[in-house]
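S.K.: Residue numbers (the numbering used here), protein chains in the order written: chain Z, 39 to 182; chain Y, 39 to 182.
Protein chains: 2
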Amino acid sequence: MSISSRFSVGIHILALIELNNEGVTSSEFLAASVNTNPAVIRKLMGMLKKAGLIEVQPGIAGAKLAKELSRITLFDVYKAVNVVQEKELFSIHGSPHPDCFVGRNIQHTIEPIFTAAQLAMENVLRNVTMEDVVGDIANKENIC
Amino acid sequence: MSISSRFSVGIHILALIELNNEGVTSSEFLAASVNTNPAVIRKLMGMLKKAGLIEVQPGIAGAKLAKELSRITLFDVYKAVNVVQEKELFSIHGSPHPDCFVGRNIQHTIEPIFTAAQLAMENVLRNVTMEDVVGDIANKENIC
DNA sequence: TATCATGTAATTGTTTTGATTACAAGTTTA
DNA sequence: TAAACTTGTAATCAAAACAATTACATGATA
């Protein structure tokens, strides 16, 4: 299993909107860079818009950032594109046998551990901003 | 998306082997407690055996722990049942456009961040042993 | 009005998961 | 030895998640 690539594509979209801020960043333009279908991009743009990260309008070409990059963390993107639900990074097998000692109690024992593990992962994402990401991309080359 | 319940079932299996150590912990017995099919259990037993966590033999009923519980961490179980590959908790979209500034560099920028996030999650699992888990289950009740 | 963009629904192929069935092979015991 | 029981393993199946694709309604603008 793997967390959906919607997450990395979401990051890609935001980075490209920033780096292309003099041009028009349409779904077609984004799709070419990501190498996917414009409809996939539009779906993701809708999610990013709903989360207040970008501004897009029907009929008007191009997306713009709704916040400064330094105020958008990877966690914001992660939540926006809906790749992992709260407390559901790990799935726990349902309906173990209630007559059994282990079956009756294991879920409550395991759940807080799984939640803590998920939180630790998410905290790493909280500490990286899109500004960091774009800065790193920009450092790799001088000319587009 | 969610990490497969193979992980929580694997934990369930090890805990029950310990708590039932006076009886015979067969795949059928385990399947009843987990509430699944014995063949599913046997597949997982094979994985746990391969990882050196339990001892099982063809024809001989029941599994035994191959190590003390205090020497088995949740990370060991997680690796044993193969729910997440190394560096692959997050999937990154493949083949972004190489002519694009962002497309060319985003993978290398994102990858170490994703790896760090995965590692943070895994480190939580490394710090919990099966002894902790079984102790917690045992604390919940006095009689089986 | 013609053109182009976004928003959104429907369809399709792929992959993963978990359940199930079936059976070969090993072990025990009557 | 034969019957009964266990593990090991392969094959099959349905359900769910993903991503790609097509199609079309709606909004904006020249």
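Note that beta-carbon positions come from the ideal geometry of N, C-alpha and C, so glycine has one too.
1. Residues bridged to E124(Z) by DSSP?
2. Report the neighbours of V140(Z) on chain Y: residues whose CB is nearer than 7 Å to its CB, in chain order.
3. May I ask you to verify whether the region 85 to 92 of chain Y touches the region 156 to 172 of chain Z, counting CB pairs closer than 8 Å and requiring at least 3?
4. Within the same chain, show all residues whose beta-carbon is closer than 7 Å to that of L68(Z), passing over the 5 residues directly before and after it, in chain order.
5. Is L107(Y) close to chain Z, meaning its C-beta is less than 7 Å from at least one C-beta of that chain?
6. By DSSP, does A104(Z) sit in helix, in strand, or in coil?
7. Give me the DSSP bridge partner(s) of E56(Z).
8. What does a CB cutoff of less than 8 Å around T167(Z) pick up in its chain, not counting 5 residues either side in sequence?
9. Starting from I79(Z) and walking both ways along the alpha helix (DSSP H), at which residues does that stretch end?
10. With which residues is E93(Y) paired in a DSSP beta bridge?
11. Can you find a C-beta in chain Z that's less than 7 Å from the C-beta of E169(Y)?
12. Alpha carbon to alpha carbon, how far is E126(Z) from I41(Z)? Give it in angstroms, no decimals.
M.R.: The relevant details are as follows:
1. Paired residues: none, contrary to the question.
2. Ordered by position in chain Y, the residues that pass the 7 Å Cβ test against V140(Z) are H50, A53, L54, L57, S71, I175.
3. No, the region 85 to 92 of chain Y is not in contact with the region 156 to 172 of chain Z.
4. If we look at L68(Z) and ignore the five residues flanking it on each side, its Cβ neighbours are I51, L54, I79.
5. So no, L107(Y) is outside the interface.
6. A104(Z): coil per DSSP, three-state reduction.
7. E56(Z) pairs with nothing; no bridge assigned.
8. Taken in chain order, the residues that qualify are L107, S108, R109, I110, T111, L112.
9. Counted as a single uninterrupted DSSP element, the alpha helix (DSSP H) harbouring I79(Z) occupies residues 76 to 88.
10. Beta-bridge annotation (DSSP): E93(Y) is paired with K102(Y).
11. No, because no Cβ of chain Z sits closer than 7 Å to the Cβ of E169(Y).
12. Roughly 12 Å separates the two Cα atoms.
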